[in-house]
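Everything in the sequence shown is counted per the numbering used here, starting at 514 for the first residue and increasing by one.
Note that the Cβ used here is the ideal one computed from N, Cα and C, for glycine as well.
None of the values given here were measured: they were computed from a predicted structure.
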Amino acid sequence: MDYISLHTVPHYDDCAPLVEGLGYILVELRIIPQRGSVRILAVIASPDAKIDIGVNDCSKVHRVLLPRIQALLGTDDTYMEVTSPGMERNIRNAAEFALFQGREVRVWDKTVNDWVGGFIVLSDTVSVTLEKRVPETEMPARQTVFYENIAKAKFIHL
């Protein structure tokens with residue numbers, strides 16, 4: 514899995530503060546030119562792992578973000594979709610692990626050819642550390658997985 518800094522995504526740095534000002538996290542921003550118009554996909558999440566994103570949340574972000582992106586692009590011929598990450602989001606960019614700290618994920622570790630799961634406790638530009646919650650009598654088990662060894666990653670939703 515590759516680590517691509519979100520700051521290198523076009524217009525991410527212009528849009529993320531607006532989304533954060535509304536109380537959300539901008540997880541993904543894709544701007545796709547299509548036959549003279551522009552398609553925009555924004556994925557937002559709550560900073561609190563226990564709070565889900567609903568239609569009203571997406572609508573609120575859409576109303577604020579669309580005019581900003583249209584101004585940045587210099588066009589109003591746009592179609593914009595704002596969504597939540599979903600219950601079983603496939604994590605495409607290793608930079609997303611930092612955004613989802615506290616959430617439970619599973620990753621396919623190529624070194625063991627199996628899924629490794631846990632709650633995200635730490636992440637940086639080279640690895641993510643997951644913690645398995647265990648009975649209160651035991652110490653939590655932590656495992657660090659390097660991004661180069663991750664084939665797939667997704668949320669665990671109970």
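Closer than 8 Å to chain C by CB, residue 651: Note that chain C does not occur in the displayed structure, where there is just one protein chain.
Selected residue, minimal CA-CA separation from residue 630, among 532, 599, 558, 647: Counting from one through the sequence shown, the residue named residue 630 turns up at place 117. Nearest option by C-alpha distance: 647.
Coarse secondary structure for residue 603, derived from DSSP in three states: If you number the sequence shown from 1, residue 603 lands on position 90. Correct three-state label for residue 603: strand.
Three-way DSSP call (helix, strand, coil) for residue 667 in this model: In the sequence shown, counting from the first residue as 1, residue 667 sits at position 154. Residue state, collapsed to three classes: strand.
Cα-Cα separation between residue 610 and residue 531, rounded to whole angstroms: Translated into the one-based positions of the sequence shown, residue 610 becomes position 97. Translated into the one-based positions of the sequence shown, residue 531 becomes position 18. Approximately 21 Å between the Cα atoms of the pair.
Supposed close pair residue 551, residue 590 - CB separation, criterion 8 Å: Taking the sequence shown and counting its residues from 1, one reaches residue 551 at position 38. Taking the sequence shown and counting its residues from 1, one reaches residue 590 at position 77. The Cβ separation is near 7 Å, so the contact holds.
Beta-carbon proximity of residue 621 to residue 664, cut-off 8 Å: Residue numbering aside, residue 621 sits at position 108 when the sequence shown is read from its first letter. Residue numbering aside, residue 664 sits at position 151 when the sequence shown is read from its first letter. For residue 621 and residue 664, yes; Cβs fall inside 8 Å.
N- and C-terminal bounds of the beta strand (DSSP E) containing residue 573: Here residue 573 is taken as the residue at index 60 of the sequence shown, counted from 1. In the DSSP assignment, residue 573 falls outside any beta strand (DSSP E) and within the unbroken alpha helix (DSSP H) covering 568-586.
Beta-bridge partners of residue 661, as assigned by DSSP: Position 148 of the sequence shown, counted from the first residue, corresponds to residue 661. Its beta-bridge partners do not exist; DSSP assigns none.
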